[in-house]
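Undergrad:
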Amino acid sequence: MKHRTIRGTIQYTSKKPERFGQERGREFFTLTNQSDGVQVMHAHCEIDDEPNVVRDVVQSMRQDCSPIDCSVRLSVGDKYEGSGWLRFTDTYAECETHNQRDGRISQRIELEQPVKWLQSHPIVGDGILMKLYDLSQGPGKTFFPDIMLTSPDHRGATGPLLFKMNGLGIRYVGEESIVVQAGKFIARHFQVVDTAGNLPEEHPPYNLWVTADDDYLLLKAGVDGYMQTHYELTEFEIIGGENEQ
């Protein structure tokens, strides 16, 4: 088998005092690394909080995690919200979608620089995003422009469409030993910062931990502020390559 696939599950829980530790959603994902250097992320995401969200994403990326293409299908309140397809080149991004609010949308956005990351809202993708940070500079913070989203909503519950943000900051804290439901790991601790002014509503502080290897597999994450949510890897398996188990 030339390709290598990681398959797993992430549990969403609440940290709010009145529902602390209660499950509020789940995510089933696969990350497939092809022999041509392309990674394909499949993610089925369910958020139980009303109105509930069901999102299916297929996104392909280069080794530097810049997007190639993406498809999204979204339901909100158990009703169709939208679906669409997005494609990226070095000079433009294009989108063909349909959603309940805007109807049929065709977008073409000219680019001065290639898009560094497409945020399509799976939690497993947040771990991959951390690849943008240059670990050789040690702990610190870097701001990354040229970021796009399929929805500016914090839950990814609108669209899909192409939404260009000014960028975001990634702070690398360092390595830590952590225990999650999927096991004990040496993890890299990151924070997403500097989102003010980019979104309709500023995103609360966001901490996340990923495996200290080339996979950047998300182990756990937490959002503070009004959201007070927790995400944790509960199980995974690796299929193909030298790590088949």
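Residue numbers (the numbering used here): 375 to 619.
No residue lacks a Cβ here, since even glycine has one placed at the ideal position from N, Cα and C.
All figures in this text were calculated on a predicted structure; none of them were measured in a lab.
#1: Would you give the residue range spanned by the beta strand (DSSP E) that LEU503 belongs to?
#2: Tell me which same chain residues have a C-beta within less than 6 Å of the C-beta of THR465, skipping the five on either side of it?
#3: Count the C-beta pairs between the segment 532-552 and the segment 464-481 that are closer than 8 Å, then say yes if the count reaches three, no if not.
#4: Kindly identify the DSSP beta-bridge partner or partners of ARG562.
#5: Residues in the same chain with beta-carbon distance under 8 Å from PRO347, minus the five sequence neighbours each way, listed in chain order, please.
#6: To the nearest angstrom, how far is it from the Cα of ILE544 to the Cα of ASP410?
#7: Between the Cα of GLU455 and those of CYS439, ALA595, LEU506 and VAL427, spot the shortest distance and give me the residue it belongs to.
#8: Check the C-beta distance from GLU609 over to GLY399 and give it rounded, since I have them as a contact under 8 Å.
#9: So is VAL431 buried or exposed if we call it buried at 16+ other beta carbons inside 10 Å?
#10: Report all residues from its chain with a CB closer than 8 Å to the CB of PHE564; omit the five preceding and five following residues, and keep chain order.
#11: When the Cα atoms are used, what is the spatial distance from ALA417 to GLY499?
#12: Measure from the alpha carbon of LEU492 to the alpha carbon of each residue in SER457, ARG529 and PRO441, then state which is nearest.
#13: Taking C-alpha atoms, which residue in ILE552, SER388, THR379 and HIS377 lies nearest to ASP598?
#14: In the DSSP assignment, what are the bridge partners of PRO441?
#15: So, under 8 Å CB-CB, VAL566 and LYS594 are touching, yes? Tell me the CB distance rounded to an integer number of Å.
#16: If PHE462 and ASP443 are in contact, beta carbons under 8 Å, what's the gap, nearest whole angstrom?
#17: For CYS444, would you say it is in contact with chain D, using Cβ-to-Cβ distances shorter than 9 Å as the test?
#18: If you draw a straight line from the alpha carbon of ALA596 to that of LEU607, how long is it in whole angstroms?
TA: On the basis of the data shown:
#1: Element bounds for LEU503: not the beta strand (DSSP E) but the alpha helix (DSSP H), 497-503.
#2: The residues are LEU485.
#3: Flag = yes, the segment 532-552 and the segment 464-481 touch.
#4: GLU549 and VAL584, per the DSSP bridge assignment.
#5: The question about residue 347 has no answer here: the residues shown for the chain are numbered 375 through 619.
#6: Their Cα atoms are separated by approximately 28 Å.
#7: Nearest of CYS439, ALA595, LEU506 and VAL427 to GLU455, Cα basis: VAL427.
#8: That belief does not hold up - the Cβ atoms of GLU609 and GLY399 are roughly 16 Å apart, past 8 Å.
#9: VAL431 is buried by the Cβ-count criterion.
#10: Taking C-beta separations shorter than 8 Å and ignoring five residues to either side along the sequence, the partners of PHE564 in its chain run MET504, TYR507, ILE544, ARG545, TYR546, VAL547, ASN581, LEU582, TRP583 and VAL584, following chain order.
#11: Taking the straight line joining both Cα atoms gives about 9 Å.
#12: Nearest in C-alpha terms to LEU492, of all of SER457, ARG529 and PRO441, is PRO441.
#13: Among ILE552, SER388, THR379 and HIS377, the Cα nearest to that of ASP598 belongs to SER388.
#14: In DSSP, PRO441 forms a bridge with MET435.
#15: Cβ atoms of VAL566 and LYS594 stay farther apart than 8 Å, at about 14 Å.
#16: Contact check for PHE462 and ASP443: beta-carbon distance about 7 Å, within the 8 Å limit, so the pair qualifies.
#17: Any reference to chain D falls outside this structure, which holds one protein chain only.
#18: Note that residue 596 is Gly in the sequence shown, not Ala. In this structure, the CA atom of GLY596 is about 12 Å from the CA atom of LEU607.
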